[in-house]
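Asks:
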Amino acid sequence: MPRLPPSLFWRAHQISPHAPNLLLACRDLPSTALELRWIKDHITTTPSTTTPPFLRLAHLIRLRARGLPLQYVLGTQPFGTLTIRCRRGVLIPRPETESYTLELADVLFRTPTRSLTVVDLCTGTGCIPLQLFASLRARFPSLAAHGVDVAPGAVALARENARQLGPLGAAQGVTFHRASIFSPAAGLPPFPAGEIDLLTANPPYISRGAFARSTARSVRNHEPRLALVPDGVPASVVAALGCEAFPEDVFYARILELCRGWRPKRVFLEVADGEQAGRVFL
Amino acid sequence: MITAAPWVCRSCAWSLRRASASQFMRRASTGGLPPALLARARKVAAEHDQLSAQLEANYDPKVARRAGEISRVATALNVFEKTKASLAELDGLLNSDDAELRDLARDDIESATAELTEVGRQLSVALTPKHPFAHMPCLLEVRPGPGGLEGRLFADAVFSMYKTYCENMGYRARVVKYETADEEGMGRTGGELALQEAVLEVQDEGAYGLFRGEAGVHRVQRIPVTEKTGRVHTSVAVVWVLPSFPTDGTEAESDWENPESDFYIDPAEVRTETMRARGAGGQHVNKTESAIRLTHIPTGTTVSMQDSRSQSTNRKWAWMLLRSRIAQQRREVREEHARSIRKGLILNNSRGDKIRTYNYQQDRCTDHRSGQDFHNLTNVLEGGEVFGKVIKSAESWLVERDIQEILADEEEVVPSGNKKNGGK
Ligand SMILES: C[S@@+](CC[C@H](N)C(=O)[O-])C[C@H]1O[C@@H](n2cnc3c(N)ncnc32)[C@H](O)[C@@H]1O
């Protein structure tokens, strides 16, 4: 990372005495000014009875200056109409994911049925099924959304996130399962063929090489590798799925295998780029 | 032909138009009010009487609305006629045989004349159609003019002037967008940031009417903090005033979906882009900004928004700003058109002309339309009461201009021969 010129720190200082610290993480003045505003907003909108605001500000800025992603510092990421809780150990939802989730909700909205089933594999914070549920529950009297993740921390966080949908969402509509997608039926109850209206997944898709080369530093240092790089899968499984040449595609191979049994009406998978898309879909 | 603005004297602005002797003579009989305007007021008042009679016989909400709209003209005309009558009475007393009475009349005549002028002004204001956006809340948009850092810094000063003015006045205002530029330059900028674009929403109803006179080019003359030789620079910031909707939104949404409305935008004509840093996205990066850019394809108008952490909120605000900009553009096109068919009236209010100068060395703020100078620039830039006066002067100028425009319309109707010999 190139060193920032001292004049930039001095100009940051003009915005606020805290800004030079933030600049270390934000790298430019406009984002520094924005993040400072968001941190201050966070403090005023979530009052604390124990810590005075100026101490909280100093504390949050210190965490951010160390490179901790803002979403972990503030504990949230807005996602569609929801505010998704974020915690170390669980991947932060991305804006691309947010965009297509809202698009998917629009498409599903026009499905001419009364009931709907959606399944999200590798669900992380649960953002995808939770937003689908929030957008569609008024439209479908019988709506079921399932999320699967292998990480206990992710499943716990997803269940916490379900609470903001109110008792209805938490109690009946959305269910989170702790399982590996490589286990039989991905740990899900049996679905008759054609029962699932939409299957989504944003699985770990970054190759080892790309992880070292093209991920941002705060991603590499602070987000869980398990969520990003699919290299924990046993070699025998990778071989059985025919992914020796491109092991980063192994989750897609497994998901498509699951789809052959479930026969979902629609499948939506997030991939890294056009090349990976070509290998997975063609 | 008239000369272009600025009008120097506000209270008698119309006397500058074709200020010929004959016209002054003619005015004497109309209490200083142009006859065309008076004739129009009488016509409107007659209509009001007729509508009132009609309503008594048969109530119709549509008729009632029209009657309500023009009732202020009828009331103002009534006051005007009464004031004129009492002035005429005083005039008569000047010829009285009683010396004491004559003295009394002479004392009163001056104040009565002043009153008539004021009442006449109120009548003209009543006759001026309200701007269709005047009752709405507004967005104040500030951007630097072309040029470097100094213009950006001044734009920031202008923006904070409006922000603190709203705070001082107790208006409900919020910053919708505040985008600074990452500009190379000196560190010492006196607390001003290099502004790229900022938008303040003033949610009070009628804010558009209060601020519409602020739209235009604002010029600064000062020694920039970044200037080492002490030379005075001139830079500009541009202010746009756009109509907006009350936050409760019910009126807004019905208007947004009505293709007849200025605020209607066909979603198919808008391209939406989510802006990200170049290179890999998705899992590779975890940027906090979720900027959105909308482009209205038919007009090429673009709006970008990244002030909120929430993509949905950015999208919502971007749409709000886009609707406001398009509505304002549509309105301006219509106004320009109307103006261009009005012969002989040249008005200097196009965007390109500076409306105001802020001169730091002379501690002065000049409004070029009202032609007024205001001292105590610090107070102006802090959005204090002097700035309130500056805004007022621009607002009154606009009212005068609107009056000029109906006048021009009225005179169009008068046969030209009559116009030339008019008066005596
Ligand atoms: C890229 S993250 C996606 C999270 C979330 N869907 C999102 O879009 O923000 C991938 C997720 O897959 C989970 N995961 C990794 N290996 C898994 C496996 N074998 N079975 C199920 N989930 C797995 C990780 O814990 C992580 O939460």
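From first to last, the protein sequence lines stand for chains A and B.
For the first sequence, our numbering gives the first residue as 678, with consecutive numbering after it.
For the second sequence, our numbering gives the first residue as -17, with consecutive numbering after it.
Idealized CB from N, CA, C, for every residue including glycine.
Could you tell me if aspartate 289(B) is buried or exposed, where buried requires 16 or more neighbouring beta carbons within 10 angstroms of its beta carbon?
Replies: The count along the second sequence starts at 1 and reaches residue 289(B) at position 307. Under this definition aspartate 289(B) is a buried residue.
Asks: Against chain A, with Cβ distances strictly below 8 Å, would alanine 390(B) count as a contact?
Replies: Sequence index remark: in the second sequence, residue 390(B) carries index 408 (1-based). Output row for alanine 390(B): interface = no.
Asks: Verify the CB distance criterion: does proline 697(A) have a CB-CB separation below 8 Å to chain B?
Replies: In the first sequence, counting from the first residue as 1, residue 697(A) sits at position 20. No, proline 697(A) lies away from the interface with chain B (no Cβ there is under 8 Å from its Cβ).
Asks: Can lysine 145(B) and leucine 182(B) be called in contact, C-beta distance under 8 Å?
Replies: Counting from one through the second sequence, the residue named residue 145(B) turns up at place 163. Counting from one through the second sequence, the residue named residue 182(B) turns up at place 200. Contact flag set, yes.
Asks: What residue ranges within the region 127 to 163 of chain B form continuous alpha helix (DSSP H) runs of no fewer than 4 residues, ordered along the chain?
Replies: Those alpha helix (DSSP H) runs which fall completely within the region 127 to 163 of chain B and span 4+ residues are 131 to 151.
Asks: Taking the continuous alpha helix (DSSP H) assigned at histidine 736(A), which residues delimit it?
Replies: Position 59 of the first sequence, counted from the start, is the residue given in the question as residue 736(A). Element bounds for histidine 736(A): 730 to 742.
Asks: For threonine 758(A) versus aspartate 874(A), is the C-beta spacing smaller than 8 Å?
Replies: The residue labelled residue 758(A) in the question sits at position 81 within the first sequence. The residue labelled residue 874(A) in the question sits at position 197 within the first sequence. Taking 8 Å as the Cβ cut-off, threonine 758(A) and aspartate 874(A) do not qualify as a contacting pair.
Asks: Could you please give the first and the last residue of the uninterrupted alpha helix (DSSP H) stretch that includes leucine 365(B)?
Replies: Stepping through the second sequence from its first residue, residue 365(B) is reached at position 383. According to the sequence displayed, residue 365(B) carries glycine and not leucine. Unbroken run through glycine 365(B): none, as it is neither H nor E.
Asks: When you compare each of Gly263(B), Asp80(B), Val220(B), Ala21(B) to valine 140(B) by their alpha carbons, which one comes out closest?
Replies: Sequence index remark: in the second sequence, residue 140(B) carries index 158 (1-based). For valine 140(B), the nearest C-alpha among the options comes from Val220(B).
Asks: For proline 126(B), does the count of other Cβ atoms within 10 angstroms reach 16, so buried, or fall short, so exposed?
Replies: Walking along the second sequence from the start, residue 126(B) turns up at place 144. Under this definition proline 126(B) is a buried residue.
Asks: Out of curiosity, what's the CA-to-CA distance linking leucine 905(A) and alanine 856(A)?
Replies: Position 228 of the first sequence, counting from 1, holds the residue named residue 905(A). Position 179 of the first sequence, counting from 1, holds the residue named residue 856(A). C-alpha separation (whole angstroms): 17 Å.
Asks: From the beta carbon of valine 896(A), is the nearest beta carbon of chain B less than 8 Å away?
Replies: To locate residue 896(A), count along the first sequence from 1; it is residue 219. Cβ-Cβ to chain B under 8 Å: yes for valine 896(A).
Asks: In the DSSP assignment, what are the bridge partners of glutamate 255(B)?
Replies: Here the question's residue 255(B) lines up with position 273 in the second sequence. Arg275(B), per the DSSP bridge assignment.
Asks: For a test of the three-state rule: what should DSSP assign to methionine 302(B), helix, strand or coil?
Replies: Your numbering for residue 302(B) matches position 320 in the second sequence. DSSP places methionine 302(B) in helix when its eight states are reduced to three.
Asks: Buried or exposed for methionine 7(B), going by 16 or more other Cβ atoms inside 10 Å?
Replies: Within the second sequence, the letter at position 25 stands for residue 7(B). Residue placement at methionine 7(B) is flagged as unreliable, the pLDDT there being 37, under the threshold of 50; the coordinate-derived value follows with that caveat. The residue in question, methionine 7(B), is exposed, as its Cβ has fewer than 16 Cβ neighbours within 10 Å.
Asks: Excluding the five sequence neighbours on either side, which residues of its own chain have a C-beta within less than 7 Å of the C-beta of valine 107(B), listed in chain order?
Replies: Residue 107(B) sits at position 125 when you count from the first residue of the second sequence. Result list for valine 107(B): Val381, in chain order.
Asks: Below 6 Å CB to CB, which residues in the same chain sit around glycine 766(A) once its five sequence neighbours on both sides are set aside?
Replies: Locating residue 766(A) in the first sequence gives position 89, counting from the first residue. The answer, listed in chain order, is Gly830, Pro901.
Asks: By how many angstroms is the C-alpha of cysteine 120(B) removed from the C-alpha of tyrosine 342(B)?
Replies: The residue labelled residue 342(B) in the question sits at position 360 within the second sequence. The residue labelled residue 120(B) in the question sits at position 138 within the second sequence. Roughly 29 Å separates the two Cα atoms.
Asks: Going by DSSP in three states, phenylalanine 928(A) sits in which element: helix, strand or coil?
Replies: Working through the first sequence from its first residue, we reach residue 928(A) at position 251. Correct three-state label for phenylalanine 928(A): helix.
Asks: Just list the beta strand (DSSP E) runs in the region 857 to 916 of chain A, keeping only unbroken ones of 3 residues or longer that don't cross its boundaries, in chain order.
Replies: Listed in chain order, the complete beta strand (DSSP E) runs (minimum 3 residues) inside the region 857 to 916 of chain A are 875 to 878.
Asks: Measure how close the beta-carbons of aspartate 826(A) and alanine 835(A) come, nearest whole angstrom, since I'm counting them as under 8 Å.
Replies: The residue given as residue 826(A) occupies position 149 in the first sequence. The residue given as residue 835(A) occupies position 158 in the first sequence. Sure, about 7 Å apart at Cβ, within 8 Å.
Asks: If you measure from the CB of alanine 828(A), is any heavy atom of ligand 1 nearer than 7 Å?
Replies: If you number the first sequence from 1, residue 828(A) lands on position 151. Answer for alanine 828(A): yes, Cβ within range of ligand 1.
Asks: Which of helix, strand or coil does DSSP assign to tyrosine 749(A)?
Replies: Sequence index remark: in the first sequence, residue 749(A) carries index 72 (1-based). Helix at tyrosine 749(A).
Asks: Verify the contact flag: leucine 768(A), CB atom, against every heavy atom of ligand 1, threshold strictly below 7 Å.
Replies: For the purposes of this step, residue 768(A) is taken as residue 91 along the first sequence, with counting starting at 1. True, at least one ligand heavy atom lies under 7 Å from that Cβ.
Asks: How big is the Cα-Cα spacing for glycine 212(B) and proline 755(A)?
Replies: In the second sequence, residue 212(B) corresponds to position 230, counting from 1. In the first sequence, residue 755(A) corresponds to position 78, counting from 1. Near 48 Å, if we compare the C-alpha coordinates of proline 755(A) and glycine 212(B).
Asks: Could you tell me which chain A residues have their CB closer than 9 Å to the CB of threonine 270(B), listed as they occur along the chain?
Replies: Taking the second sequence and counting its residues from 1, one reaches residue 270(B) at position 288. Cys703, Ser708, Leu711, Glu712, Trp715, Pro746, Leu747, Gln748, Gln754, listed in chain order.
Asks: Give me the Cβ distance between arginine 297(B) and isoleucine 274(B), rounded to the nearest whole Å; I'm assuming they're in contact under 8 Å.
Replies: Locating residue 297(B) in the second sequence gives position 315, where the first residue counts as 1. Locating residue 274(B) in the second sequence gives position 292, where the first residue counts as 1. That pair is a contact at about 5 Å.
Asks: Below 6 Å CB to CB, which residues in the same chain sit around leucine 69(B) once its five sequence neighbours on both sides are set aside?
Replies: As a working note, residue 69(B) is residue 87 in the second sequence. Closer than 6 Å at the Cβ level, and outside the excluded window around leucine 69(B), lie Ala94, Leu98.
Asks: Beta-carbon within less than 7 Å of arginine 885(A)'s beta-carbon, same chain only, minus the 5 sequence neighbours each way: which residues are those?
Replies: Numbered from its first residue, the first sequence carries residue 885(A) at position 208. Correct list, in chain order: Val906, Asp908.
Asks: Which residues, in order along the region 853 to 870 of chain A, keep a beta-carbon less than 9 Å from a beta-carbon of chain B?
Replies: The residues in question: there are none.
Asks: Classify proline 683(A): buried if its beta carbon has 16 or more other beta carbons within 10 angstroms, exposed otherwise.
Replies: Working through the first sequence from its first residue, we reach residue 683(A) at position 6. Proline 683(A) is exposed by the Cβ-count criterion.
Asks: Listing by chain order, which chain B residues have their CB less than 8 Å from the CB of proline 789(A)?
Replies: For this step, residue 789(A) is matched to residue 112 along the first sequence. Neighbours of proline 789(A) on chain B: none; closest Cβ ~23 Å, over 8 Å.
Asks: Check whether chain A comes within 8 Å of valine 285(B), counting only Cβ atoms and requiring the distance to be less than that.
Replies: Taking the first residue of the second sequence as 1, we reach residue 285(B) at position 303. Chain A, which has no Cβ nearer than 8 Å to the Cβ of valine 285(B), makes this no.
Asks: Measure the alpha-carbon distance for aspartate 244(B) versus arginine 194(B) and round it to whole angstroms.
Replies: Reading the second sequence from its first residue, position 262 is the one you call residue 244(B). Reading the second sequence from its first residue, position 212 is the one you call residue 194(B). Computed Cα separation, rounded: 17 Å.
Asks: Please report how far the alpha carbon of arginine 201(B) lies from the alpha carbon of arginine 307(B), in whole angstroms.
Replies: As a first step, residue 201(B) must be located in the second sequence, where it is residue number 219. As a first step, residue 307(B) must be located in the second sequence, where it is residue number 325. Going from the Cα of arginine 201(B) to the Cα of arginine 307(B) covers about 23 Å.
Asks: Which of the three DSSP states is assigned to glycine 169(B) in this structure?
Replies: On the second sequence, residue 169(B) is found 187 positions in, with the first residue counted as 1. At glycine 169(B), the pLDDT of 45 sits below 50, so the modelled position is not reliable; the number obtained from the coordinates is stated separately. Three-state result, glycine 169(B): coil.
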